[in-house]
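Some notes on the structure that comes next.
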């Protein structure tokens with residue numbers, strides 16, 4: 002299986018890139034993860050989207066944060082590592 006820069010596909014890579022490298026998104030992601038863990042909740046990429054208000058939003062490169070082609074498991078794992 003071919004990957005894109007270590008991610009399942011270009012869309013997943015691009016979304017992860019923006020979350021990890023945009024200061025506002027990164028701060029929001031860290032806040033979500035800390036809140037979830039403090040409240041004994043499982044970290045979820047879908048819940049992060051709601052927390053950050055990213056449903057139906059796109060990265061500046063045009064990829065949907067809630068696109069169907071995204072590897073949500075990998076994105077959840079990325080969040081858990083923050």
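Numbering (the numbering used here), first residue to last: 2 to 83. The beta-carbon is built from N, C-alpha and C at its ideal position, and this holds for glycine as well.
Residue nearest to residue 71 within the set 23, 14, 44, 79 is 14 (criterion: CA-CA distance). Where residue 72 is concerned, there is no enclosing alpha helix (DSSP H), because DSSP gives it neither an H nor an E. Sixteen is the threshold: since fewer than 16 other Cβ atoms of the shown chains lie within 10 Å of the Cβ of residue 24, the residue is exposed. Counting of Cβ neighbours within 10 angstroms places residue 58 among the exposed residues, the total staying below 16. One Cα belongs to residue 74, the other to residue 41, and the distance between them is close to 19 Å.
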